[in-house]
Structure formats: C-alpha cells, structure tokens
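Report on one structure; see the data block that follows.
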C-alpha cells in the first residue's frame with residue numbers, strides 16, 4: 721500500500737508571516753522617527769525589524785517548514801533542507817540584531833544588521849520578480865510587500881550608518 725502524506729496546515733505559517741510584517745512595520749516606524757533624535761537611536765527599531773522579524777522568520781522557515789511550504793505553494797511532501805537553511809540565515813541576523821542591542825554594540829552594528837536584512841529581502845524580491853515568468857508560485861502582492869519592506873530597511877540602515 722503506498723504511503724500517503726498529510727498536508728500541513730498553512731495557517732500557522734500565515735500567522736507567523738503576519739507577525740513578521742507587523743514586527744517589521746513597527747520597527748521601521750520607530751526607526752524612522754528615532755534616527756532623527758539627538759542622539760539618534762536604532763535600538764528599538766533593531767529589536768523589532770531585525771531581531772523579532774528574523775526570529776519569527778526562523779520559526780516559520782525551519783520549525784514550521786511544512787506549514788510554510790504549503791503557504792507558499794512549495795510543499796514537496798517532505799522536509800526541504802534548503803528551506804531550513806534559509807530559516808537559519810534568518811536566525812543569524814535576528815540574533816545579530818538582538819545581541820547588538822543587548823550588548824550595546826552601537827548604532828553602526830544595529831544599522832548594519834538592518835541593512836543586511838534589507839539587502840537580503842530586496843535581493844529575494846528581485847529574484848522572484850525576475851523568475852515569475854518561469855511559473856513561480858509567489859503572488860505579486862507578497863513579492864511587492866517584501867520588496868517594499870526590504871527597500872525601507874535599506875534606507876533606514878544607510879541612514880543609521882551615516883549618522
């Protein structure tokens with residue numbers, strides 16, 4: 721008898737995605753207001769936009785990888801190690817953002833972590849836009865949201881580096 725695979729529920733990953741964009745949006749709003757302060761600050765922005773968003777993305781990609789694969793239309797019916805690797809990359813900059821604030825590494829490290837996250841997201845969005853003609857399953861609004869989030873992170877990161 722052939723082995724059947726039950727499909728994971730995409731709702732968990734969808735909620736984690738919503739929480740990721742919520743944390744990122746809060747972080748960006750805080751960052752664009754506090755970068756203008758005297759002295760400028762990106763600590764709270766880094767905690768929300770990088771640490772929280774990175775850690776939530778790690779959970780979505782690595783821990784709830786099947787739910788996330790179904791959400792994106794990429795469910796292979798088994799573990800996709802590359803998807804877990806992407807989650808670990810998100811964990812890395814999420815932890816960098818957290819450690820930069822907790823250990824007081826300063827605005828340059830915080831801004832650098834914001835910039836790296838933005839470059840990654842923008843790069844992925846560009847790739848998805850270019851590969852969309854080849855039958856990719858990601859929806860345009862999702863790609864554009866990722867691109868907008870990424871570009872805003874880049875702008876905030878550069879502003880922080882230039883303070």
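Numbering (our numbering), first residue to last: 721 to 883.
Just so it is clear, CB atoms sit at the ideal spot from N, CA and C, and this is done for glycine as well.
Values in this document were obtained by computation on a predicted structure and should not be read as measured data.
query: Pick from 810, 756, 812, 782: whose alpha carbon is nearest that of residue 800?; result: 782
query: Going by C-alpha to C-alpha distance, which of 750, 766, 845, 879 sits closest to residue 813?; result: 766
query: Quick one: grab the DSSP three-state call for residue 775.; result: helix
query: Report buried or exposed for residue 824, applying the criterion of at least 16 other Cβ atoms within 10 angstroms of its Cβ.; result: exposed
query: For residue 865, which of 741, 807, 755, 754 has the nearest alpha-carbon?; result: 741
query: With respect to the alpha helix (DSSP H) encompassing residue 810, which residues constitute its N-terminal and C-terminal limits?; result: 801–822
query: Are the Cβ atoms of residue 797 and residue 838 separated by less than 8 Å?; result: no
query: Give a single yes or no on whether residue 766 has its beta carbon closer than 7 Å to a heavy atom of the ligand SAM.; result: This structure lacks the ligand SAM; in fact it carries no ligand of any kind.
query: Once you ignore the five residues that flank residue 863 on each side, which residues in its own chain have a CB closer than 8 Å to its CB?; result: 845, 848, 849, 852
query: By alpha-carbon positions, which one of 728, 746, 773 ends up nearest to residue 736?; result: 773
query: Using only alpha-carbon positions, find the residue among 777, 761, 763 that is nearest to residue 841.; result: 777
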